[in-house]
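Engineer:
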Amino acid sequence: MDVEKLIKVSGDLVDFFRDERDVNNLAQHLESSKPLRSQCDADYTDVHSSLQDYQKKLGLSKKKADEEKSEVAADMELDLLQKELEEELDTELLFRDQFR
């Protein structure tokens with residue numbers, strides 16, 4: 750904003766506040782905006798709290814999913830080892846039968 754516009758706006762503002770009714774109207778509007786501001790603050794707090802709760806839940810869900818993936822991988826490894834053991838037992842039984 751250039752200096753001339755700033756001077757003009759300042760002058761308009763001074764003229765505005767010279768009239769007592771304008772000052773009273775401004776004060777009244779500021780006072781009536783307080784409940785709105787209070788409600789906005791309360792809504793912000795609620796939304797912020799909800800957002801934090803959802804972020805926690807999301808983090809827990811990710812952790813649980815990772816644990817489930819690890820468990821599935823461990824189960825697959827266990828199944829593979831069980832299959833290998835059974836194959837070795839079958840092979841051992843075949844060798845025993847052959848040596849009899």
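Numbering (my numbering), first residue to last: 750 to 849. We treat Cβ as the ideally placed atom computed from N, Cα and C, and that holds for glycine.
(1) Using the Cα positions of Asp824 and Lys818, report the straight-line distance between them to the nearest angstrom.
(2) Pull up the CB-CB distance for Val758 and Phe766, whole angstroms please, since I reckon it's below 8 Å.
(3) From Leu843 to Leu827, what does the alpha carbon distance come to, in whole angstroms?
Structural biologist: In short, the structure shows the following:
(1) 10 Å
(2) No, Val758 and Phe766 are not in contact; Cβ-Cβ is about 13 Å, not under 8 Å.
(3) 24 Å
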